[in-house]
Amino acid sequence: MANVVVLGAGLGGTIMAYELRETLGREHKVTLVNNGATYSFVPSNPWVAVGWRDRESIEVDLAPVCARRGIELRPEGARRLQAKDKRLEMNDGSMVEYDYLVIATGPELAFDEIEGFGPQNHTHSVCHIDHALKAKEAFDRLVANPGPVVIGAVQGASCFGPAYEFAFILDKALRDARVRDKVPMTFVTSEPYIGHLGLDGVGDTKGMLESELREHHIKWICNARVDRYEPGKLHVSEIGEDGSVARTHEIANVYTMMLPAFRGVAAVRDIEGLTNPRGFILIDKHQRNPAFPEIFSVGVCVAIPPVGKTPVPVGVPKTGFMIESMVTATTHNIARLIAGKAPDAEATWNAVCLADMGDNGIAFIAQPQIPPRNVNWSSTGKWVHAAKVGFEKYFLRKVRTGVSEPFYEKLALQALGLGKLKEIRISEEA
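Okay, here's the thing in structure tokens:
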């Protein structure tokens, strides 16, 4: 009997455990290690931050699902990976041994790298449900006492989509509250241009997002390095192509939500051969770590180099389709190793993204995610908002029921077969 452990119960880790159980059968052990027994649907956090969702609507208790599926859930969380000994030291001091380990921790949020930055200081975040709920309290204060707002992503960030989403969602929520005219908005980003997204753009994301920002009366600053934040003021250096400071900005605001840079979590960081200097997991084309071949990794914690040099550091996002593809390939490869065969599956690393804009949205397909691409397509329309709502309902039901069905692959195949994504109908009842 093989003992397979999944570290982390986010988007990647939860479906990783489900797919392993489905593929390996009950004769092998699958353990899911997480800090707590709750799954939270992170893509809905921008809606939480303006009161369109609450905690209960986007969280799932994993304990009954895992029990029903024959997955051992360890909610104590891991303190440290002891890779040479093939075991995890848990936060309660106990040990969890493994034959194969899949690291799916997601990232640690590096707020501390900028002075005054983060929910523990004076800015807000939608990276975690607790942050989003705190941002909702600040949103209520903003509606009661309107003033300037800054939204965006700092240097080293790799997840830009939620920043754009939240800017437009906030715009819609402020319009609904009839105070948008009293709230000047500025989008501040480390991207070299609007719509870069850490991917050097997809289709015409540059033109579409610039147009939407203008349409919604949102100004922007690109190539932005956030130097520090103090209450009511953001200090930003705009960096030129040669790396010098082209100009500086002091932006007054009463509300700021900017996405941070990511790094690997403390439990796995600084293990020689396992991680890069930022603590992300090094993998080969089979999602396998070269130094510790019994360790695999999926999701945001995987090390991927940037798509190219930019004046301000910009990371590469790991989208849902890419993560799902990593999970499927990893499941296949672990099953082959257990059967005494060599791994042969490679993740496709494509991107299908639905970015909500409150009452509108932008969708794109990038195959592969990192250019040059075979498919490079984007579009906008109200249908994207409905599709995003449908996907939320579908995925939460998938987590609640323990289903391992891949979704993004089907969505992409339908989109490419039809030639345009807007003809896909994702039911509100999904």
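My numbering puts the first residue of the sequence shown at 1410, with every later residue one more than the last.
Glycine included, each C-beta is placed from N, C-alpha and C at the ideal position.
Out of curiosity, what's the CA-to-CA distance linking residue i and residue j?
i	j	result
PHE1526	LYS1438	42 angstroms
ILE1424	ALA1586	38 angstroms
ASN1530	GLY1641	12 angstroms
THR1432	ALA1458	38 angstroms
THR1789	SER1646	32 angstroms
THR1614	ILE1743	37 angstroms
LEU1606	ARG1623	18 angstroms
SER1620	SER1599	19 angstroms
GLU1436	GLY1570	41 angstroms
ASP1580	VAL1552	12 angstroms
LYS1694	ARG1489	26 angstroms
PHE1596	ILE1560	5 angstroms
PRO1516	PHE1671	6 angstroms
ALA1775	ALA1760	5 angstroms
ILE1603	CYS1631	7 angstroms
GLY1826	PHE1773	The predicted position of GLY1826 is uncertain, since its pLDDT is 44 and thus under 50; a value taken from the coordinates is nonetheless stated next. Roughly 15 angstroms between the two C-alpha positions.
ALA1562	HIS1540	15 angstroms
SER1787	LEU1497	43 angstroms
PRO1452	LEU1763	10 angstroms
LEU1746	ALA1795	42 angstroms
ILE1690	ALA1754	18 angstroms
LYS1495	GLU1506	6 angstroms
ALA1756	GLU1428	15 angstroms
LEU1420	VAL1654	38 angstroms
THR1719	GLY1565	11 angstroms
ILE1835	GLY1799	With a pLDDT of only 34 at ILE1835, under 50, the local geometry of the prediction cannot be trusted, and no value is derived from it.
ASP1521	MET1410	43 angstroms
Verify the contact flag: residue i, CB atom, against every heavy atom of the ligand GDP, threshold strictly below 7 angstroms.
i	result
TYR1803	Only the bare structure without any ligand can be found here, which leaves the ligand GDP out of the picture.
When burial is assigned at 16 or more other CB atoms within 10 Å of the CB, is residue i buried or exposed?
i	result
THR1810	exposed
LYS1727	buried
PRO1702	exposed
LYS1797	buried
GLY1724	buried
SER1466	exposed
ASN1554	exposed
THR1657	exposed
ALA1824	The predicted model places ALA1824 with a pLDDT of 45, which falls under 50 and marks its position as unreliable; any figure quoted below should be read in that light. Under this definition ALA1824 is a buried residue.
MET1667	buried
PRO1686	exposed
GLY1652	exposed
ALA1748	exposed
HIS1625	buried
MET1504	exposed
GLU1733	buried
GLY1434	exposed
ARG1697	buried
With which residues is residue i paired in a DSSP beta bridge?
i	result
SER1787	PHE1773
LYS1438	ASN1412
ARG1478	According to DSSP, ARG1478 bridges with nothing at all.
ARG1489	GLU1498
ASN1742	Answer by DSSP bridge pairing: none, since ASN1742 is not bridged.
MET1735	Looking at the DSSP assignment, MET1735 forms no beta bridge with any residue, so it has no partner.
ASP1704	Reading off the sequence shown, one finds Ile at residue 1704, where the question assumed Asp. Note: ILE1704 sits in a beta bridge opposite LEU1510.
VAL1457	DSSP, once it has assigned bridges, lists no residue as partnering VAL1457.
ARG1809	Answer is none; ARG1809 lacks a bridge partner.
TYR1448	VAL1469
CYS1352	It is not possible to answer for residue 1352, since the shown part of the chain is limited to 1410 through 1839.
THR1684	ILE1690
Run through DSSP, which three-state label would residue i get?
i	result
ASN1412	strand
LYS1694	coil
THR1719	coil
GLU1428	helix
ASP1679	coil
GLU1468	strand
ASP1463	coil
ALA1768	Here residue 1768 is Asp; the residue named in the question, Ala, does not match the sequence. Coil at ASP1768, not helix or strand.
THR1423	helix
ALA1796	helix
ARG1584	helix
ALA1576	helix
ARG1589	helix
Does any residue of chain B bring its CB to less than 8 angstroms from the CB of residue i?
i	result
ARG1678	In the displayed structure, chain B is absent; only one protein chain is listed.
- request: Would you list, in sequence order, the uninterrupted alpha helix (DSSP H) runs of no fewer than 4 residues that lie entirely inside the stretch 1599-1676?
  value: 1614-1624
Those runs of the beta strand (DSSP E) which lie wholly inside the stretch 1499-1571 and span at least 3 residues: 1504-1506, 1509-1512 and 1558-1562
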